[in-house]
Ligand code: SF4
């Protein structure tokens, strides 16, 4: 902890708002949706109280929020929005646009299931559905990590010219209070100085944006986005190291728990990790060498770190809180490809629509691996009534 | 006149989720009264909603109901009406749902003059998500996203809808349920796009931030400002500022309704080019 840091008890949504304030974000555009709303309420208060030199726009829909953020970002401003579920789905068109226009917008995404039927509780189906939009995605495991990830997201986004999403579980993080260290403003300024946009909408130096591209050049533009994603991986490591130096806190693509000598491993994203760690301890107490991994960085996909962490030959359960219907869990599919020839992977789907992933749930998944009852070629549904 | 509400209420869904004293109850009661007056059978009636406190209303109504996505109720209703133009299709919506995220659908349905009735419970705020200002929050009023007062001028929904081409436009308020029920009944009976704005109370999210946390304070704030259209027209500009007109504000029975126009075209083409 930095000596001048302030330790406060706040929710995940407040942690997002404080990160946006300390990042000296200049434009925030948003539309109310549960369970995101308290993020922008907090920010609207900061703006009104003069704690931020920023403009807050309450738009008429999420589609407009993202459009406004892209517009602001194109003028060189640091721009932020927050949303959830249906709101993110409504933004979908503009998420692609933000990437294509290379605007480093940062989005706070509170994971909530998609309708129909209605629910406001958590799973990852909303953010997973955006995995091909060219947004970096960071899944937080605590309120502190929500805060830290947001600052790192701005840093990497502005360097790589790619937008970034900080993802947090609805209610478990968004509305629960934890201790969070807020570093002093000068430290944040050192890590994240004012944005210097190389090209922006500038009357003194006019450019044309959003024009038509023909087959002779369109594909190159796409290639450059992919290249940017690839280089962003290295930038994340580099800036996470700088963040660690300044704050003593780690941000890394994969977090691991007792994996080194593990004979079976489970991987998940978000707060379910706690249940898996508890199950690992319980299994180890009975002589089973289990381990758990939490994926913080989903885009760019950390294929190499995954191969480095998972012991060769150790069966891996990948637990998705989303389904790509007609295929399987999105992370499971990608992990399988990344670990081909290295370790066997079984895909599990659990915790949809806010169903709890408890330590017992996690233990059940480990047992399915141990007892060889998990099927490698289909979804292994966890605690589901037929 | 006593009304038997229960044939239209899903008793098993009670108690409802609304705050005690919420204006939505008055709207629901007025709708049921109008259904009864017109003898609309539950099986011939569909009530469609989007998202928000008001949009929970169909869940308590024993008619055909559909609870859809934020802002899109009118689009869903348009699809229903185009296929089942013989049925009564009603949309119930809040101010944020209908005039912010769904504003585009609202004006286009009005322009088409499709035979839907849209009732907007205008309580000047996003109630369900916690009191953010909406397109109908008065200038200067406080909201969770406008702690020092709203900077955006509000929509006058009646003017908006008249401008967009609605052929029946009325405004009532929750302080006068009997009058409101008569406006809603007229809107239901109108052939074409009909619109009723209900000036309503959300004392929990709007009132609490604007010195009217008690439901009756907010209902009185509404009732005291409501005047007949005629009276309003004769007021000075300064007085008009402090009031709002209620009544059937616009009615045009000459315009052809959209589904009928469509049917007519099909009939004409069939006649000209028999299969
Ligand atoms: S929050 Fe407002 S609109 Fe919602 S039920 Fe309560 S009083 Fe009614």
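Residue numbers (the working numbering), protein chains in the order written: chain Z, 1 to 386; chain S, 1001 to 1275. All C-beta atoms, glycine included, are put in the ideal place defined by N, C-alpha and C.
Annotation for residue 47 of chain Z indicates a beta carbon at 7 Å or more from all heavy atoms of the ligand SF4. Note that the stretch 142-153 of chain Z does not touch the stretch 304-324 of chain Z; fewer than 3 beta-carbon pairs, one per stretch, sit closer than 8 Å. Only those residues of the stretch 58-82 of chain Z whose C-beta falls short of 7 Å from the nearest C-beta of chain S are listed: 58, 60, 61. By alpha-carbon distance to residue 1227 of chain S, the top candidate from S:1239, S:1216, S:1146 is S:1239. At a cut-off of 8 Å, the C-beta of residue 1069 of chain S has a neighbouring C-beta in chain Z. Under DSSP, residue 271 of chain Z shares a beta bridge with no residue. For residue 60 of chain Z, the closest of S:1132, S:1111, S:1091 by C-alpha to C-alpha distance is S:1132.
Taking non-hydrogen atoms of the ligand SF4 into account, the C-beta of residue 207 of chain Z is found less than 7 Å away from none of them.
Assignment of residue 235 of chain Z by DSSP, reduced to helix, strand and coil, places it in the helix class. For residue 326 of chain Z, the closest of Z:303, Z:158, Z:377 by C-alpha to C-alpha distance is Z:377. Rounded to whole angstroms, the separation of the alpha carbons of residue 1242 of chain S and residue 1026 of chain S is 24 Å.
Counting the other Cβ atoms within 10 Å of the Cβ of residue 1033 of chain S gives 16 or more, which makes it buried. Taking 7 Å as the cut-off, the C-beta of residue 248 of chain Z does not count as close to any heavy atom of the ligand SF4. Shown here, residue 1049 of chain S sits in a strand according to DSSP, grouped into three states.
Listed along chain Z are 32, 34, 37, 38, 41, each with a C-beta nearer than 9 Å to that of residue 1130 of chain S. The beta carbon of residue 86 of chain Z falls within 8 Å of a beta carbon belonging to chain S, placing the residue at that interface. Looking at the DSSP output, residue 84 of chain Z shares a beta bridge with Z:110. Under the three-state reduction of DSSP, residue 1270 of chain S is assigned to helix.
A distance below 6 Å between beta-carbons, with the five flanking residues on each side excluded, links residue 107 of chain Z to the following residues of its chain, in chain order: 81, 165. Looking at the DSSP output, residue 266 of chain Z sits in a beta bridge with Z:292, Z:317. Residue 299 of chain Z sits in a strand when the DSSP states are folded into three classes.
By the criterion of a C-beta distance shorter than 7 Å, residue 192 of chain Z is surrounded in its chain by 23, 151, 154, 155, once the five residues flanking it on both sides are discounted. Of the residues assessed, residue 1081 of chain S falls on the buried side of the cut-off, its CB having 16 or more other CB atoms within 10 angstroms.
The criterion of a C-beta distance shorter than 8 Å is satisfied by residue 103 of chain Z and residue 74 of chain Z.
Pairing residue 1054 of chain S with residue 1103 of chain S gives a Cβ-Cβ distance that is not under 8 Å.
Contact of residue 115 of chain Z with chain S is assigned, a C-beta pair being separated by under 8 Å. The Cβ of residue 1060 of chain S sits no closer than 8 Å to any Cβ of chain Z.
Here DSSP, grouped into helix, strand and coil, assigns residue 334 of chain Z to helix. Burial state of residue 1099 of chain S is buried, judged by a 10 Å Cβ sphere holding 16 or more other Cβ atoms. In its chain, beyond the 5 residues on either side, 1032 have a beta carbon closer than 6 Å to the beta carbon of residue 1005 of chain S. DSSP, reduced to helix, strand and coil, places residue 1070 of chain S outside both helices and strands of the structure shown, so it counts as coil. Assigned with DSSP and collapsed to three states, residue 1185 of chain S falls in helix. In the structure shown, residue 345 of chain Z adopts extended strand secondary structure according to DSSP, grouped into three states. For residue 374 of chain Z, none of the residues of chain S pass the 8 Å Cβ criterion, the least Cβ distance being about 36 Å. Against chain S, the beta carbon of residue 48 of chain Z has neighbours under 8 Å at 1146, 1147, 1148, listed in chain order.
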